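From first to last, the protein sequence lines are chains D and G. Here my numbering is used: the first residue of the first sequence is 1, the next is one more, and so on. Here my numbering is used: the first residue of the second sequence is 1, the next is one more, and so on. By construction, the Cβ of each residue, glycine as well, lies at the ideal position given by its N, Cα and C atoms. The structure displayed is predicted, hence computed values, not measured ones.
2 protein chains.
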Amino acid sequence: MTLNLTMAIIRSVPDSSDTKLRLRLSRAGVRPTRQRLTVLKALAAEQHDATAQEIYARLRRRGERVGLATVYRTLSLLSEREVVDELAHHPTETCYRLCSPGHHHHLVCSECHRVEELGSCDLEPWLDRAAGSRGFVPTSHTLEVVGLCAGCRAS
Amino acid sequence: MTLNLTMAIIRSVPDSSDTKLRLRLSRAGVRPTRQRLTVLKALAAEQHDATAQEIYARLRRRGERVGLATVYRTLSLLSEREVVDELAHHPTETCYRLCSPGHHHHLVCSECHRVEELGSCDLEPWLDRAAGSRGFVPTSHTLEVVGLCAGCRAS
DNA sequence: ATAATTGCAAAGCGTTTGCACCCTG
DNA sequence: CAGGGTGCAAACGCTTTGCAATTAT
């Protein structure tokens, strides 16, 4: 039981050691500069999703030397290379989240804004059937679920 | 056959007669001004979704007297009152669509940007099960499907 | 050495807002 | 006539871009 819990925690929290993050970058063909590592590390430390501005502010407060433009450029590059996820639930600004690889969806808590991954999406068969009857062939889909997480429900 | 087609067309194209649109507004508790009717009519005439700027440009080109701010204010009000749907698939600007009432999702064609409604969403049971195992209680969800519509697939 | 990356400040762009005027009820 | 609605232009907030200096391979 304790082991299961521990494993679950290990699996759910992205590894934020420098080497692992560096590896994530080079695997994606992204040159691992000091700034990019810094941004990625900040994102890895987040429970919630974060905007470019939030990450920038957090890093500057901490005394890190990064430019706002670099944060934007980094996040957009990482999102393009599928190192980070882009969430659409906020209309005016883009939110980013460091997630596990592979297709999945997100549970966003409306109370504390914590983001959980909803792995293993078996929506495709249903989707293909529903859309197919209209001659529509799906190539991609995004599902965002808003609700209350376990923690917030308790209080 | 002809009858079926006709009925399908009637059902799929929102009624854009002034009286019907006027009714939609008052039912939503929105005062039916000339500008609001104009915006709603423009939206009803769209096959695709449309941004505030697009609708504004279209109306001005047609010689209609509306301000850009009014278009923004109208669309946001109508979206709030659930007269129109708001699509999130475009990151930088908000797209609007006049849809049939009730919970549904959207099929967006990546080629021609036509938007089709995916009625009858029986996702909830699946969602409750998937999220529930994490203690997460969904309150709402949005699903956006991108793909190729029948017309574009043919060419 | 060479090409990519960064920082800054300026520009861009979609959207919102203040306010005087106008209309509708 | 009272109160919401409108138009214009200015203000806003997020994001991108031009360019010279810097850094990684």
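Inset, instruction - Grab me the residues of V115/G's own chain with a C-beta within less than 8 angstroms of its C-beta, minus the 5 sequence neighbours each way, in chain order. - result: In the second sequence, counting from the first residue as 1, residue 115/G sits at position 115. Answer for V115/G: Q47, H48, D49, L87, R97, H106, L107, V108, C109, listed in chain order.
Inset, instruction - Answer with buried or exposed for L3/D, where buried requires no fewer than 16 other C-beta atoms within 10 angstroms of its C-beta. - result: Here residue 3/D refers to the residue found at position 3 when the first sequence is read from its first residue. Residue placement at L3/D is flagged as unreliable, the pLDDT there being 47, under the threshold of 50; a coordinate-derived value is accordingly withheld.
Inset, instruction - Helix, strand or coil for E86/D, going by three-state DSSP, please let me know. - result: In the first sequence, residue 86/D corresponds to position 86, counting from 1. Strand.
Legend entry - Where V39/D falls: helix, strand or coil (DSSP): Your numbering for residue 39/D matches position 39 in the first sequence. Three-state DSSP puts V39/D in a helix.
Legend entry - At least 3 beta-carbon pairs within less than 8 angstroms: the stretch 137-150 of chain D vs the stretch 141-155 of chain G: Contact between the stretch 137-150 of chain D and the stretch 141-155 of chain G is present, because at least three Cβ pairs lie under 8 angstroms.
Inset, instruction - Look at the alpha carbon of C99/G and the alpha carbon of G119/G, and state the distance between them as a whole number of angstroms. - result: Looking up residue 99/G in the second sequence gives position 99. Looking up residue 119/G in the second sequence gives position 119. Spanning the two alpha carbons is a distance of roughly 11 angstroms.
Legend entry - Interfacial residues, the stretch 80-91 of chain D to chain G, with Cβ spacing under 7 angstroms: For the stretch 80-91 of chain D, the beta-carbon criterion of a distance under 7 angstroms to any beta-carbon of chain G is satisfied by A88, P91.
Legend entry - Range covered by the alpha helix (DSSP H) that runs through E111/D: On the first sequence, residue 111/D is found 111 positions in, with the first residue counted as 1. That residue, E111/D, is in no alpha helix (DSSP H); it is neither H nor E in DSSP.
Inset, instruction - Tell me whether T74/G is buried or exposed, calling it buried when 16 or more other Cβ atoms sit within 10 Å of its Cβ. - result: In the second sequence, the residue the question calls residue 74/G occupies position 74. By the 10 Å Cβ count, T74/G comes out buried.
Inset, instruction - Please name the residue, chosen from F136/D, A69/D, G132/D, R81/D, that lies closest to R24/D on a Cα-to-Cα basis. - result: Taking the first sequence and counting its residues from 1, the one referred to as residue 24/D is at position 24. Residue R81/D is the option with its Cα nearest to R24/D.
Inset, instruction - List the residues that DSSP assigns as beta-bridge partners of P138/D. - result: Stepping through the first sequence from its first residue, residue 138/D is reached at position 138. In the DSSP output, where bridge partners are listed per residue, P138/D has G147/G.
Legend entry - Near-chain D residues of the stretch 127-139 of chain G (beta-carbon distance less than 9 angstroms), N- to C-terminal order: Within the stretch 127-139 of chain G, contact with chain D at the beta-carbon level (separation under 9 angstroms) is assigned to L127, A130, A131, R134, G135, F136, V137, P138, T139.
Inset, instruction - Let me know if A42/G comes out buried or exposed under the rule of 16 or more other beta-carbons within 10 Å of its beta-carbon. - result: Numbered from 1 along the second sequence, position 42 holds the residue referred to as residue 42/G. Answer is buried; the Cβ neighbour count reaches 16.
Legend entry - Option nearest C95/G by Cα separation, candidates A150/G, P32/G, T38/G, S79/G: For the purposes of this step, residue 95/G is taken as the residue at position 95 of the second sequence. Checking every option, the nearest Cα to that of C95/G belongs to S79/G.
Legend entry - Where the alpha helix (DSSP H) through E124/D begins and ends: Stepping through the first sequence from its first residue, residue 124/D is reached at position 124. Segment 124-132, the alpha helix (DSSP H) holding E124/D.
Inset, instruction - Taking only the alpha-carbon atoms, compute the straight-line gap between R36/G and E117/G and give it to the nearest angstrom. - result: What you label residue 36/G is simply residue 36 of the second sequence in a count that begins at 1. What you label residue 117/G is simply residue 117 of the second sequence in a count that begins at 1. Approximately 24 angstroms, taken between the alpha carbons.
Legend entry - Proximal residues to R22/D (C-beta, below 7 angstroms), its chain only, five neighbours per side dropped: Position 22 of the first sequence, counted from the first residue, corresponds to residue 22/D. Within the same chain, R22/D has close Cβ partners P32, L37.
Legend entry - Endpoints, the beta strand (DSSP E) within which L118/D is located: As a first step, residue 118/D is located in the first sequence; it is residue number 118 there, counting from the start. Counting along the chain, the beta strand (DSSP E) containing L118/D begins and ends at 115-118.
Legend entry - Proximal residues, the stretch 64-76 of chain G versus chain D, C-beta separation under 9 angstroms: Of all residues in the stretch 64-76 of chain G, none has a Cβ within less than 9 angstroms of some Cβ in chain D.
Inset, instruction - For G151/G, count neighbouring Cβ atoms within 10 angstroms of its own Cβ and tell me buried if that reaches 16, exposed if not. - result: Along the second sequence, one-based indexing puts residue 151/G at 151. Looking at its Cβ environment, which holds fewer than 16 other Cβ atoms inside 10 Å, G151/G is exposed.
Inset, instruction - For R27/G, collect the residues of the same chain with a Cβ closer than 6 angstroms to its Cβ; drop the 5 residues on either side in sequence, then sort them by chain order. - result: Taking the first residue of the second sequence as 1, we reach residue 27/G at position 27. Closer than 6 angstroms at the Cβ level, and outside the excluded window around R27/G, lies no residue.
Inset, instruction - Express the C-alpha separation of R58/D and A130/G in angstroms, rounding to a whole number. - result: Numbered from its first residue, the second sequence carries residue 130/G at position 130. Numbered from its first residue, the first sequence carries residue 58/D at position 58. Taking the straight line joining both Cα atoms gives about 34 angstroms.
Inset, instruction - Determine the direct distance from the alpha carbon of G102/D to that of A69/D, and round the result to whole angstroms. - result: Start at 1 with the first residue of the first sequence, and residue 69/D comes out as number 69. Start at 1 with the first residue of the first sequence, and residue 102/D comes out as number 102. Taking the straight line joining both Cα atoms gives about 28 angstroms.
Legend entry - Cross-chain neighbours of S110/G in chain D, by beta carbon under 8 angstroms: In the second sequence, residue 110/G corresponds to position 110, counting from 1. T139, listed in chain order.
Inset, instruction - Would you mind telling me which residues of chain G sit closer than 9 angstroms to C95/D, beta carbon to beta carbon, in chain order? - result: Here residue 95/D corresponds to residue number 95 of the first sequence, with the count starting at 1. The premise fails here: C95/D is roughly 11 angstroms from chain G at the closest Cβ pair, so nothing lies under 9 angstroms.
Inset, instruction - With DSSP as the reference, label R153/D as helix, strand or coil. - result: Walking along the first sequence from the start, residue 153/D turns up at place 153. In the structure shown, R153/D sits in a helix (DSSP, three-state: H, G or I).
Inset, instruction - Put R81/G into one of helix, strand or coil per three-state DSSP. - result: In the second sequence, counting from the first residue as 1, residue 81/G sits at position 81. Three-state result, R81/G: coil.
Inset, instruction - Would you kindly work out how many angstroms separate the C-alpha atoms of E93/D and H90/G, rounded to a whole number? - result: Against the first sequence, residue 93/D aligns to sequence position 93. Against the second sequence, residue 90/G aligns to sequence position 90. Rounded to the nearest angstrom, the two C-alpha atoms are 12 angstroms apart.
Legend entry - Cutoff 7 angstroms: L40/G Cβ touching any chain D Cβ: Along the second sequence, one-based indexing puts residue 40/G at 40. Chain D contact via Cβ: absent.
Inset, instruction - Please compile the residues from chain D whose C-beta is within a distance smaller than 7 angstroms of the C-beta of E144/G. - result: Within the second sequence, residue 144/G is the residue found at index 144, counting from 1. Those within 7 angstroms of E144/G in chain D are H141, T142.
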